[in-house]
Every structure is written in C-alpha cells, then in structure tokens.
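What follows is one structure encoded as structure tokens, with my remarks underneath.
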Amino acid sequence: MKPTAVNRHNLGRQIAAARAIAGWTRVQLARAANLGHATVKLAEDGDDTASDEALGKICRAIEGLGFEFIDGTASISLAFHGPEKEFGVTADPTMPGYVRRLYPRTLDARGLMHDLGACGVEIENEQILLAQCAATTSWADTFFRMAAEGRKSGLRFFWRNDVKNEDGVRHVLKPYRFDTVTVDNLLRNILTSDERRPE
31 MKPTAVNRHN
41 LGRQIAAARA
51 IAGWTRVQLA
61 RAANLGHATV
71 KLAEDGDDTA
81 SDEALGKICR
91 AIEGLGFEFI
101 DGTASISLAF
111 HGPEKEFGVT
121 ADPTMPGYVR
131 RLYPRTLDAR
141 GLMHDLGACG
151 VEIENEQILL
161 AQCAATTSWA
171 DTFFRMAAEG
181 RKSGLRFFWR
191 NDVKNEDGVR
201 HVLKPYRFDT
211 VTVDNLLRNI
221 LTSDERRPE
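In the numbering used here, the protein residues as written are 31 to 229.
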C-alpha cells in the first residue's frame with residue numbers, strides 16, 4: 031500500500047487539540063485506539079515513526095468522540111458534532127486510511143456560523159446576525175452585507191487565538207457556492223486580537 035499524503039504536523043496538532051477538548055489524557059486516547067500511549071505521543075509530535083495504521087486508529091478514536099477532520103490533514107481544522115449525530119464517510123487522501131467522517135451541512139446562516147466557528151472564527155454579537163438573516167428571504171446576501179458593514183451594530187469577526195485558518199474557511203465555504211470575491215471580502219473582515227479595540 032502506498033503512503034498517504036498525511037500532513038503529520040497538522041494531524042499531531044489536531045490530535046492534541048481534540049484530546050484536550052475531550053479532557054482525555056494520552057493514556058485514555060491510547061486505550062480507545064488500542065495502542066500504547068507512547069504511540070499517541072509520537073503522533074502528536076508529528077513523528078514519522080508512527081505508522082499510518084496507528085494514526086488511523088487514533089483518528090477513528092477521535093472521530094468516535096464526535097470530532098470531524100473537516101479539511102482532512104490539509105489544515106488544522108476540527109469540528110465537534112457529538113458522537114450520536116449521523117455521519118457518512120468520504121475519501122480523503124490526506125487522512126490515514128484514505129477516509130474520514132463527513133457530517134451533513136445545513137446550508138443556512140446558522141450552519142455557516144457553525145462551520146466558521148469550526149475554523150476558529152468567533153463572531154461577536156452573532157445573535158444580531160442571525161436575527162437579520164432570519165428576517166430576509168436572502169440570508170446569504172444579508173450575512174455578507176452584515177459581515178462587511180455590521181460593525182456599526184457591534185457585529186465583528188475575529189480569529190480565535192489569532193490563528194488564521196483561511197484555507198479551512200475557504201474549504202467549509204465550498205458547499206455554499208459563494209464566489210471568490212465574496213469569500214475574499216469575508217476573510218478580509220476577520221480581525222486579530224490586536225485589532226479588537228472598543229468601537
């Protein structure tokens with residue numbers, strides 16, 4: 031079997047993040063994946079000596095908790111859906127074992143906000159945005175107008191912990207079929223913490 035195009039550095043960060051969010055130790059994750067905890071450490075470190083088979087077991091254990099590798103290992107994006115939510119699988123050459131879970135997307139304003147959140151985008155006063163989108167027949171136009179002009183209403187977009195995951199945002203926006211200019215404009219309006227000044 032030929033090696034996968036797994037980005038081990040990104041995967042290591044995803045494993046560590048998912049484990050931290052779940053409140054698990056390396057020993058607990060290793061037990062769930064039926065591996066030694068030293069193998070989990072190697073995986074988190076992005077070490078080449080961790081086999082694809084071991085990485086696959088770790089990924090399946092993380093997915094069993096309800097996490098989704100929404101961009102494979104092409105970025106560090108993760109989403110959490112809960113272990114009881116229905117899912118499918120999709121082929122992904124960036125994942126160990128060539129597959130990952132895929133959760134259905136709701137193509138509405140709330141679904142878009144969830145997907146952006148999974149990529150590390152925080153929306154200040156998001157209820158204002160949801161209310162405006164619900165009050166119109168073209169929620170997408172309203173969403174992007176508010177993203178561009180909403181600061182007057184106290185609506186602002188920020189990168190969580192200043193980690194700019196623009197590739198992840200572009201990936202999760204694909205199902206919505208927004209044009210490139212619209213996506214670029216949205217990305218320009220996502221601020222970092224040093225830009226988080228009182229309005």
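Think of the CB as a built atom: it goes at the ideal place given N, C-alpha and C, for glycine as much as any other residue.
Minimum length 4: unbroken alpha helix (DSSP H) runs contained in the segment 131 to 211: 139 to 148, 156 to 164, 169 to 179 and 196 to 203
Under a three-way DSSP split, which group does V129 fall into? Against the sequence shown, residue 129 aligns to sequence position 99. DSSP places V129 in strand when its eight states are reduced to three.
Local Cβ density within 10 Å of K87, reported as buried at 16 or more and exposed below that: To locate residue 87, count along the sequence shown from 1; it is residue 57. When all chains shown are included, K87 counts as buried.
Going by C-alpha distance, which of R43, A109 and L159 is nearest E93? Translated into the one-based positions of the sequence shown, residue 93 becomes position 63. Closest by alpha carbon: A109.
Taking just the CA atoms, how far does A60 sit from H67? Counting from one through the sequence shown, the residue named residue 67 turns up at place 37. Counting from one through the sequence shown, the residue named residue 60 turns up at place 30. Computed Cα separation, rounded: 5 Å.
Reduced DSSP secondary structure (H/G/I, E/B, other) of G118: Counting from one through the sequence shown, the residue named residue 118 turns up at place 88. If DSSP states are grouped into helix, strand and coil, G118 belongs with the strands.
Can you name, in chain order, every residue of its own chain whose Cβ lies under 8 Å from the Cβ of V129, other than the five neighbours on each side? The count along the sequence shown starts at 1 and reaches residue 129 at position 99. Excluding sequence neighbours, V129 sits near V119, T120, A121 and D122.
Which two residues bound the contiguous beta strand (DSSP E) that contains D19? Outside the displayed range of the chain (31 to 229) lies residue 19, so it cannot be described from this structure.
Endpoints, beta strand (DSSP E) assigned at G102: Residue 102 sits at position 72 when you count from the first residue of the sequence shown. From DSSP, the beta strand (DSSP E) with G102 extends over I100 to T103.
Which residue wins for smallest C-alpha separation from P205, given the options W169, T79 and P134? Walking along the sequence shown from the start, residue 205 turns up at place 175. Selected option, being the one with the closest Cα: P134.
Quick check on L216: buried or exposed, where buried means 16 or more other Cβ atoms within 10 Å of its Cβ? Working through the sequence shown from its first residue, we reach residue 216 at position 186. By the neighbour-count rule (16 or more Cβ atoms within 10 Å), L216 is buried.
Excluding the 5 residues flanking A46 on each side, which residues of the same chain have their C-beta closer than 8 Å to its C-beta? To locate residue 46, count along the sequence shown from 1; it is residue 16. Here the set comprises E74.
Straight-line Cα distance separating R218 from S168: As a working note, residue 168 is residue 138 in the sequence shown. As a working note, residue 218 is residue 188 in the sequence shown. Taking the straight line joining both Cα atoms gives about 22 Å.
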